[in-house]
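Student:
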Amino acid sequence: MEAQVPSLPPVQARKSLQASDRRSGYGLLSPAILVIAVVTLFPIVYSVFMSLNDIQLTTSGYKMSFIGLKNYGVLVNSGVFWHSVWFTVYYAIVTVIVELVLGMLIALAIQNVQRLQGVSIVVMLIPWSLITVISAQMWGYIYNGVYGVLNYIVTSLHIVSQPVTWLGTPVSAVISMMVADIWKTTPFVVIILVSGLQMIPKDYYEAAYIDGANKWEVFWNITFPLLRGSISLAALFRILQAFGVFDLPFVLTNGGPGNSTESLAMLGETSLFQNLHFGIGASIAVSTVILVLAVCLIFLSAFRSMVEGDAA
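Following UniProt numbering, the numbering of the sequence shown begins with 1 at its first residue and continues without gaps.
#1: Out of V289, T185, H158, state which residue places its alpha-carbon closest to the alpha-carbon of V89.
#2: Going by C-alpha distance, which of R22, V96, A37, F66 is nearest G279?
#3: Under 7 Å Cβ to Cβ from L150, same chain only, skipping five residues before and after it: list those, please.
#4: Rounded to a whole number of angstroms, what is the C-alpha to C-alpha distance between Q111 and L240?
#5: Where in the stretch 217 to 293 do unbroken runs of the alpha helix (DSSP H), each at least 4 residues long, occur, reported from the N-terminal end onward?
#6: Determine, using beta-carbon pairs with one atom in the stretch 201 to 209 and one in the stretch 220 to 234, whether at least three such pairs fall under 8 Å.
#7: So, do the stretch 287 to 301 and the stretch 115 to 129 have three or more beta carbon pairs nearer to each other than 8 Å?
#8: Between which two residues does the alpha helix (DSSP H) carrying G73 extend?
#9: Spatial neighbours of A107 within its chain, please: C-beta separation below 7 Å, excluding the five flanking residues on both sides.
#10: What's the call for P31, buried or exposed, on a 16-neighbour Cβ count within 10 Å?
#11: Looking only at DSSP bridge pairs, what is Q56 linked to?
#12: Compute the Euclidean distance between the alpha carbons of S20 and L236, then round it to the nearest angstrom.
#13: How far does the alpha helix (DSSP H) with P163 in it extend, from its first residue to its last?
#14: Assuming contact is defined by CB atoms lying nearer than 8 Å, are A208 and I222 in contact in what I supplied?
#15: Straight-line CA distance for V48 to S230?
#16: Would you call the stretch 61 to 80 and the stretch 177 to 184 touching, i.e. three or more CB-CB distances under 8 Å?
#17: Which ranges would you report for the alpha helix (DSSP H) in the stretch 72 to 121 if only whole runs of at least 4 residues count?
#18: Quick test of the definition: if touching needs 3 or more C-beta pairs under 8 Å, does the stretch 168 to 179 touch the stretch 242 to 259?
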């Protein structure tokens, strides 16, 4: 007697089963979604609400008065705010570009190392693993105009005739802060790019060298196109981090000299916690988020256009 092969369930039964699976999945995800909503979405929504109000402290707490977009009007007419915007934007652009270039060079060097590759990666992670406050304090000692090691080196080599106050002028303070940031965050870019390089099949390189391609042609036609996903990921993360820079200038320069190194995050902290202008501080935070989203969208659009142009 032949065994009967069970028939497939009807279409409606399959749809019902899929719907039941989806409900079960949503049920399992609901605690995580709730936590994300409470921890992330609620503060964002409440910050937007605060930015539309005039908040005054009272003996019993605080009082909110809806004023619409007046806080944003104050920012638009504030020279300090626009200076912080300009500083944050060019600080992010310069540091991210330099980190991507250095990260690429270091990643290629590590990839070509036959021995001690793991040790090289571990050593690269040391700056990134340091807490930013600690690394900023360390760089503060290096830049110190009296006993800093940088002044000792440049005066010993007769590069300068007398010690330099590296954090004492706007230009030198900005450059010094960028150097400290690049030193700390380049390893993050290196790790991402090394991971991307290891995913490229070696057969491509062997075929290219057999065809007579030199190292530059191999890099430009094979490595760089296949590494664009890793480059875009590293750039996106670094843009987000660079626009939120706070602890490095807070410890290293405290926004000075003057307000030459005052980022948007520092300006928001000053308004919120020092001047107690909660509405203004919230509007700075919301404006920063909008600016970061706009920059990320522009970057992603440019990257997508570049990829589509190459594909065509």
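All residues carry an ideal CB built from backbone N, CA and C; glycine is no exception.
Tutor: With the structure as the only source:
#1: Nearest option by C-alpha distance: V289.
#2: G279 has its Cα closest to that of F66, out of R22, V96, A37, F66.
#3: Excluding residues within five positions, the ones whose Cβ falls inside 7 Å are I142, Y143, W166.
#4: The C-alpha of L240 is placed about 27 Å away from the C-alpha of Q111.
#5: The stretch 217 to 293 contains these whole alpha helix (DSSP H) runs: 228 to 243, 247 to 252, 264 to 269.
#6: At 8 Å Cβ cutoff, the stretches touch.
#7: Verdict: no, contact absent.
#8: Taken as a continuous stretch (DSSP letters only), the alpha helix (DSSP H) holding G73 covers 70 to 76.
#9: Beyond the five residues adjoining it in sequence on each side, A107 comes within less than 7 Å, by CB distance, of V190, L193, V194, L197 in the same chain, given in chain order.
#10: P31 sits exposed, since fewer than 16 C-beta atoms from the chains shown fall within 10 Å of its C-beta.
#11: Looking at the DSSP assignment, Q56 forms a beta bridge with K63.
#12: C-alpha of S20 to C-alpha of L236: approximately 38 Å in a straight line.
#13: No alpha helix (DSSP H) holds P163; DSSP gives it neither H nor E.
#14: A Cβ-Cβ contact shorter than 8 Å links A208 with I222.
#15: Cα to Cα, V48 sits roughly 33 Å from S230.
#16: The stretch 61 to 80 and the stretch 177 to 184 do not touch, with fewer than 3 CB-CB distances between them shorter than 8 Å.
#17: Fully enclosed alpha helix (DSSP H) runs of 4 or longer: 79 to 112.
#18: Taking 8 Å as the limit for Cβ pairs, the verdict is that the stretch 242 to 259 does touch the stretch 168 to 179.
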